[in-house]
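*Asks:* Numbering (our numbering), first residue to last: 198 to 237.
In this text, a Cβ means the ideal position worked out from N, Cα and C, and glycines have one as well.
Here's a structure for you.
Structure representation (structure tokens):
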């Protein structure tokens with residue numbers, strides 16, 4: 198039972214980490230494209 202609980206919490210932490218990485222990454226990529234488009 199403890200193992201299942203640990204896996205569930207680990208999965209939630211993993212999802213939070215992905216959310217915290219992916220959202221700023223997407224915003225950063227858009228900013229880079231925006232700059233490249235207007236500079237060139």
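1) In angstroms with no decimal places, state the Cα-to-Cα distance between residue 202 and residue 209.
2) Would you kindly work out how many angstroms separate the C-alpha atoms of residue 211 and residue 223, rounded to a whole number?
3) Between the C-alpha atoms of residue 236 and residue 228, what's the straight-line distance to the nearest angstrom?
4) Suppose you measure from the CA of residue 234 to the CA of residue 205; what does that come to, to the nearest Å?
5) Chain D beta carbons: is any one of them nearer than 8 Å to that of residue 234?
*Replies:* Reading off the structure:
1) Residue numbering aside, residue 202 sits at position 5 when the chain shown is read from its first letter. Residue numbering aside, residue 209 sits at position 12 when the chain shown is read from its first letter. Spanning the two alpha carbons is a distance of roughly 11 Å.
2) Position 14 of the chain shown, counting from 1, holds the residue named residue 211. Position 26 of the chain shown, counting from 1, holds the residue named residue 223. Cα-Cα distance, rounded: 18 Å.
3) Here residue 236 refers to the residue found at position 39 when the chain shown is read from its first residue. Here residue 228 refers to the residue found at position 31 when the chain shown is read from its first residue. Each residue's Cα considered, the two are about 12 Å apart.
4) Taking the chain shown and counting its residues from 1, the one referred to as residue 234 is at position 37. Taking the chain shown and counting its residues from 1, the one referred to as residue 205 is at position 8. Answer to the nearest angstrom: the Cα atoms are 43 Å apart.
5) This model lacks chain D altogether; it includes just one protein chain.
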